[in-house]
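Numbering (my numbering), first residue to last: 5 to 202. Glycine is no exception: its CB is placed at the ideal position from the N, C-alpha and C atoms. Here the structure is a predicted model, which means the values were calculated and not measured. Here is the structure we will look at, set down as structure tokens.
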């Protein structure tokens, strides 16, 4: 893919939103999904802060792809009232998550990491707070009729660039962090690594 950068990077993900962010920012990249057992890593880190877990997952993804060059890994976690949520495994679970989120504040942790030849050279993270409005059963069913299974790969059961924006009353935090990656930090790190011109 073309971009402002010279050699480009490898994105250790097939996430459409992360690809779109890099493309829009003019970063040249190829994509190769990382093979990481996220649930096993989360289990090993039971009791750790969500931000730490998101950073560890991002780093694990970056280190898992050794295609050559600089590899970018990224991950997001959602926390509501002290409970951590992963991607829904079924439509029924997605509905359960949405019922729990209703009329509560969601904290979204997004992290990113850069690796070269399997060695982590940078890790960054950010968080945003999203106030979920009160969601009716009718809305939840109509929403999932429209968005399932597209949101099955989305922590928090939403795509902010789509109908997912209808879940929220207010958002406090960086737009890119909400989309799933602390992009401004990533761009700064890519400049430090010499991938992007300063």
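Self-check item: CB-CB length for residue 176 against residue 78, believed under 8 Å
Solution: No, residue 176 and residue 78 are not in contact; Cβ-Cβ is about 21 Å, not under 8 Å.
Self-check item: Residues that DSSP places opposite residue 34 in a beta bridge
Solution: In DSSP, residue 34 forms a bridge with 14.
Practice problem: Would you mind giving the Cβ-Cβ distance between residue 135 and residue 109, rounded to the nearest angstrom? I have them listed as a contact below 8 Å. | Solution: 5 Å
Exercise. Mind listing, in chain order, the continuous alpha helix (DSSP H) runs of no fewer than 4 residues lying wholly within the stretch 107-189?
Key: 141-151, 179-183
Quiz item: Does the stretch 53-64 come within contact of the stretch 24-36, defined as at least 3 CB pairs closer than 8 Å?
Solution: Verdict: no, contact absent.
Exercise. Find the nearest neighbour of residue 22 within the set 198, 138, 56, 157, judged by alpha-carbon distance.
Key: Nearest of 198, 138, 56, 157 to residue 22, Cα basis: 157.
Exercise. Can you say whether residue 182 is buried or exposed, counting buried as having 16 or more other CB atoms within 10 angstroms of its CB?
Key: Around the beta-carbon of residue 182, 16 or more other beta-carbon atoms lie within 10 Å, marking it buried.
Quiz item: Given that a residue counts as buried once 16 or more other Cβ atoms are within 10 Å of its Cβ, and exposed if not, what is residue 121?
Solution: exposed
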